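>
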Amino acid sequence: MSAKRIAILGSTGSVGRQALELIAASDELTVCALAAGRNWQLLAEQVGRFKPQAVALADVRAAEELTRATAGVCVLSGPEAMTELVRRVRPDMVLTAMSGSTGLPATLAAIDCKADLAVANKESLVMAGQIIMTSARSAGINVLPVDSEHSAIFQCLHGQQRGAVRRVFLTASGGPFRTWPERRAGQASLQEVLNHPTWQMGRKVTIDSATLMNKALEIVEAHWLFDLPAEKIEVLIHPESLLHGAVEFADGSVLAQLGSPSMATPIAFALHYPRRPARASAPLDLAAAGGLHFERVDRRRFPAVELGFEVLRRGGTAGAILNAADEAAVAAFVAGRIPFGRIVEIVREVLNSSSVNPEVTVESILAADAEARRRAEALIGAVEAGSGGRRQPQA
Ligand SMILES: NC(=O)c1ccc[n+]([C@@H]2O[C@H](COP(=O)([O-])OP(=O)(O)OC[C@H]3O[C@@H](n4cnc5c(N)ncnc54)[C@H](OP(=O)(O)O)[C@@H]3O)[C@@H](O)[C@H]2O)c1
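Under the numbering used here, the first residue of the sequence shown carries the number 345, and numbering increases by one thereafter.
Pasting the structure below:
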């Protein structure tokens with residue numbers, strides 16, 4: 345059997361790098377294409393090691409450096425480069441491991457090329473889940489979740505009757521501020537926000553895990569991936585991050601998936617699907633864990649979670665608005681323009697003040713995204729003006 349040809353979009357990031365290590369350790373998988381934003385140095389190393397057919401960098405200058413550093417590999421560049429890469433290389437599977445809304449066009453191109461999708465880029469599902477899932481169904485491709493919670497639910501649903509699902513549970517560690525005094529958490533520094541108690545992840549998803557906006561995005565992601573209404577999706581705080589997701593069925597049975605908090609497990613599951621790969625992973629020592637704890641989300645303390653349900657209630661382009669406002673607010677926090685505690689307030693205000701377009705097309709989604717960023721920027725500017733100008737960037 346020939347090896348499955350995989351394109352990794354976002355190969356220099358946290359998910360992308362872990363995926364490459366898994367592919368390096370497998371005879372059944374091979375890399376056919378790699379893409380990133382601007383980190384040409386790491387991409388050049390990856391080209392030397394994995395010998396892809398072609399690569400893409402969004403940043404044109406960085407692509408010029410990469411072309412100089414690598415001989416004989418086709419380098420595409422610019423904002424359309426990832427999409428062109430997918431169309432040119434026609435992989436068997438595309439792993440969307442890029443961060444942010446820029447992932448949408450390449451995700452749609454992958455479906456167009458009938459490549460299976462391993463989806464880490466939840467943003468594309470939050471923005472355009474209806475379009476992605478409808479086109480994936482008509483293209484007859486697999487859409488495999490990489491997010492650990494959704495991978496867990498996918499595994500629990502396998503072979504089950506969909507009509508028998510009563511509820512699904514998404515777990516959340518609660519992030520670094522679960523037990524902090526609220527006012528102190530609102531003023532947390534970037535370094536404190538990035539100090540996640542259980543997961544090692546990229547910067548944006550780590551910041552979203554501290555506000556719990558990540559769970560709002562995951563509620564919308566679960567809705568589209570598993571065709572579930574809001575009433576059937578529940579979020580539980582689970583500080584140990586050992587139980588990633590669970591499904592309750594009509595007979596009262598609950599199936600759950602557990603594992604050490606390592607993204608390598610769900611990434612490997614998606615890459616190798618439908619085969620479950622043997623891996624040298626650290627065994628889960630439940631006795632050493634001592635206990636598994638669960639709490640309901642304190643919605644006053646973590647108001648972000650409710651915004652996920654609000655998006656499902658409003659439908660249409662609401663997901664695109666939520667995602668764009670969050671990207672803008674998180675970027676403003678990283679740039680030192682707003683305090684951590686203002687991120688969720690800004691996102692909520694943008695969502696509440698925006699009208700949702702019920703017509704979901706790529707154009708209406710992009711328009712909603714642009715308008716939400718404009719509204720978020722106005723609110724960010726007002727916070728800056730109120731605090732007497734720019735704070736120190738936090739990088
Ligand atoms: N990390 C996790 O454990 C985890 C868990 C669940 C879900 N996810 C999801 O997986 C996705 C990736 O997360 P991550 O933590 O791996 O992010 P990350 O470490 O920040 O990496 C982001 C990747 O995206 C690339 N990128 C950024 N802008 C781009 C653009 N305009 N065009 C092409 N590539 C671009 C980056 O390239 P450069 O390095 O060149 O900037 C990098 O390769 C996100 O959607 C996240 O929500 C991540």
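Cβ atoms here follow ideal geometry from the backbone N, Cα and C, with glycine treated the same way. Quick caveat: nothing in here was measured; it's all calculated off a predicted structure.
Can you grab the Cα-Cα spacing for the pair residue 395 / residue 345, in whole Å?
The alpha-carbon atoms of residue 395 and residue 345 are separated by roughly 20 angstroms.
> Give the DSSP bridge partners of residue 578, in chain order.
Answer by DSSP bridge pairing, in chain order: 513.
> If you reduce the DSSP assignment to three classes, tell me which class residue 521 lands in.
Residue state, collapsed to three classes: coil.
> Are the beta-carbon atoms belonging to residue 450 and residue 413 less than 8 angstroms from one another?
For residue 450 and residue 413, no; Cβs fall outside 8 angstroms.
> If you reduce the DSSP assignment to three classes, tell me which class residue 567 lands in.
DSSP places residue 567 in helix when its eight states are reduced to three.
> Assuming residue 589 contacts residue 488 under a Cβ cut-off of 8 angstroms, what Cβ separation, rounded to an integer in Å, is found between them?
About 14 angstroms; that fails the 8 angstroms criterion.
> Could you tell me the boundaries of the alpha helix (DSSP H) in which residue 389 lies?
That run of the alpha helix (DSSP H) goes 384-394.
> For a test of the three-state rule: what should DSSP assign to residue 460, helix, strand or coil?
Looking at residue 460 - three-state DSSP - the assignment turns out to be strand.
> When you compare each of 384, 438, 508 to residue 594 by their alpha carbons, which one comes out closest?
Nearest option by C-alpha distance: 508.
> Over what stretch of residues does the alpha helix (DSSP H) that includes residue 671 continue unbroken?
First-last of the alpha helix (DSSP H) with residue 671: 662-678.
> Would you mind giving the Cβ-Cβ distance between residue 400 and residue 420, rounded to the nearest angstrom? I have them listed as a contact below 8 angstroms.
About 4 angstroms separates the two Cβ atoms, so the contact holds.
> Let me check understanding here. Comparing Cα to Cα, which of 555, 375, 518, 704 lies closest to residue 474?
Comparing Cα positions, the closest option is 704.
> Please report the straight-line C-alpha distance between residue 728 and residue 444, rounded to a whole angstrom.
Cα-Cα distance, rounded: 24 angstroms.
> In whole angstroms, what is the alpha-carbon distance linking residue 348 and residue 573?
Taking the straight line joining both Cα atoms gives about 34 angstroms.
> I'd like to check one pair, residue 648 with residue 560: are the Cβ atoms closer than 8 angstroms?
Yes, the Cβ-Cβ distance between residue 560 and residue 648 is below 8 angstroms.
> Just to confirm, are residue 476 and residue 460 a CB contact at a threshold of 8 angstroms?
Their beta carbons are not under 8 angstroms apart, which means residue 476 does not touch residue 460 by this criterion.
> Between the alpha carbons of residue 431 and residue 359, how many angstroms are there, rounded?
Going by the C-alpha atoms only, they are around 22 angstroms apart.
> Should the segment 708-726 be called in touch with the segment 660-679, which here means at least 3 C-beta pairs below 8 angstroms?
The answer is yes - the segment 660-679 touches the segment 708-726, with three or more Cβ pairs under 8 angstroms.
> Using alpha carbons as the reference points, say which of 365, 585, 710, 693 lies closest to residue 660.
Comparing Cα-Cα distances from residue 660 to each of 365, 585, 710, 693, the minimum goes to 710.
> Shorter than 8 angstroms from the beta carbon of residue 563 to some beta carbon of chain C?
In the structure shown, chain C cannot be found, because there is only a single protein chain.
> Any idea what DSSP makes of residue 451, helix, strand or coil?
Three-state result, residue 451: helix.
> In angstroms with no decimal places, state the Cα-to-Cα distance between residue 554 and residue 678.
Each residue's alpha carbon lies about 13 angstroms from the other.
> Determine, using beta carbons only, whether residue 373 and residue 350 come nearer to each other than 8 angstroms.
In this structure, residue 350 lies closer than 8 angstroms to residue 373 by Cβ.
> For a minimum of 3 consecutive residues, which ranges assigned as the beta strand (DSSP E) are wholly contained in the segment 594-664?
With a minimum length of 3 residues, the continuous beta strand (DSSP E) runs that stay inside the segment 594-664 are 598-602.
> Would you say the beta carbon of residue 466 is closer than 7 angstroms to some non-hydrogen atom of ligand 1?
The answer is yes for residue 466.
> Might you give, ordered along the chain, the residues of its own chain that have their beta carbon closer than 8 angstroms to the beta carbon of residue 548, omitting 5 neighbours on each side?
Within the same chain, residue 548 has close Cβ partners 443, 444, 671, 674.
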